[in-house]
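Protein chains in written order, with my numbering: chain E, 10 to 208; chain U, 3 to 116. Where a beta carbon is used, it is the ideal one built from N, C-alpha and C, also for glycine.
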């Protein structure tokens, strides 16, 4: 399937049409190419059918009427793009896709905010790995009877409680990978539950 | 008469029955979006905004009640046809049964009062 541009006799109609098509492309640019094309083609098909009506109105009037009824792509397509982006993120496992998907879905329930916070922990743990690389003697996992934390300290009394030593980086790496995998699978499960039982 | 109340009530009824109307219409024939809006407008006098219909079709598709297929046209601009899935057919039957029961109850109430 290929997108075919509608040809208008009126150059103003052609310009309005092209602007609208561009807005659809902009609203769907984060999606997989085939998903974006599917949306674009359906809107295009609707516009084409709308301007085919034989009535007393001009070409541009019919087009503007159809565009008004469809609505602004960035608004109308918002829920669809948010859902498709979630689908893309849980399939690609790419951090950038997950970030975009969570950002787009942030208004769709508190669960996405919780997911955002949990993913933020992965960022913190990654930062801890870098701290260990550059400040080896003052960072790590500190544990004793009354304290537990992961990070950086200058307190000499606390430094003796560092428990992982050279294992810190591999342990944190594994923890990050496991957490990332579990969270992304949970996000995928959440999406399938949404579809089955409707939010 | 409280016109505002009636307008709101009509809008709520319309909103609540929209998926039933759409599933019923697609159940009779495979239809593309524009055609679906026109048929619903002709048969029920209900005007569905395009901005409402397409997200609804997408939701019905996600819930696996309808599927879609692209059909090439001479114009070179294909149409996306929607049709009921097996699950869509059984769901619509269930909805129709409920609707008939509701219709009967409403008739009893409107004819004889409570």
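(request) Step through the CB atoms of chain U and report whether any lies within less than 8 Å of the CB of residue 78/E. (result) Closer than 8 Å: yes.
(request) Could you please give the first and the last residue of the uninterrupted alpha helix (DSSP H) stretch that includes residue 22/U? (result) First-last of the alpha helix (DSSP H) with residue 22/U: 5-30.
(message) If I measure Cβ to Cβ from residue 113/U and keep anything under 7 Å in the same chain, skipping five residues before and after, which residues do I get?
(response) The beta carbon of residue 113/U sits closer than 7 Å to none of the beta carbons in its chain outside the five residues before and after it.
(message) What would DSSP say about residue 160/E, mapped onto helix, strand or coil?
(response) Secondary structure at residue 160/E: strand, using DSSP grouped into helix, strand and coil.
(message) Less than 8 Å between the beta carbons of residue 37/E and residue 86/E, yes or no?
(response) Contact: yes.
(request) With distances taken Cα to Cα, identify the nearest neighbour of residue 66/U among 93/U, 31/U, 100/U. (result) Of all alpha-carbon atoms in 93/U, 31/U, 100/U, the one lying nearest the alpha-carbon of residue 66/U is that of 93/U.
(message) Using 8 Å as the cut-off, can you tell me whether the stretch 186-203 of chain E makes contact with the stretch 95-114 of chain E, which would need three or more C-beta pairs spanning the two stretches below that distance?
(response) Short answer: they touch.
(message) Can you list, in chain order, the residues of its chain with a C-beta nearer than 8 Å to that of residue 208/E? Leave out the 5 residues immediately preceding and following it.
(response) Residue confidence is low: residue 208/E scores 44 on pLDDT, short of 50, so the model does not pin down where it sits. No coordinate-derived value is stated.
(message) Relative to the C-alpha of residue 120/E, which candidate in 197/E, 34/E, 25/E has its C-alpha closest?
(response) In this structure, 197/E is the residue among 197/E, 34/E, 25/E with its C-alpha nearest to the C-alpha of residue 120/E.
(request) Return the CA-CA distance between residue 74/U and residue 100/U, expressed in angstroms with no decimal places. (result) A direct Cα-Cα distance of roughly 38 Å separates residue 74/U from residue 100/U.
(message) For residue 171/E, list the residues DSSP reports as bridge partners.
(response) Beta-bridge annotation (DSSP): residue 171/E is paired with 151/E.
(request) Give, in chain order, every residue of the stretch 25-39 of chain E whose Cβ lies closer than 7 Å to some Cβ of chain U. (result) Going along the stretch 25-39 of chain E in chain order, one finds no residue with a Cβ nearer than 7 Å to chain U.
(request) Would you mind sorting residue 50/E into buried or exposed? The rule is 16 or more other CB atoms within 10 Å of its CB. (result) By the neighbour-count rule (16 or more Cβ atoms within 10 Å), residue 50/E is buried.
(request) Give the interface partners of residue 36/U over in chain E, defined as CB-CB distance under 8 Å, in chain order. (result) The contacting residues are 54, 55, 58, 59.
(message) Quick check: is any heavy atom of the ligand FAD less than 7 Å from the C-beta of residue 203/E?
(response) Because no ligand of any kind appears in the structure shown, any question about the ligand FAD cannot be addressed here.
(request) Would you mind working out which of 163/E, 123/E, 18/E, 55/E sits nearest residue 12/E, comparing C-alpha positions? (result) Closest option to residue 12/E, judged by alpha-carbon separation, among 163/E, 123/E, 18/E, 55/E: 55/E.
(message) Can you pull the chain U neighbours of residue 89/E, defined as C-beta to C-beta under 7 Å?
(response) Result: 57, 60.
(request) Classify residue 84/U as helix, strand or coil using the three-state DSSP reduction. (result) The DSSP-derived three-state label of residue 84/U is strand.
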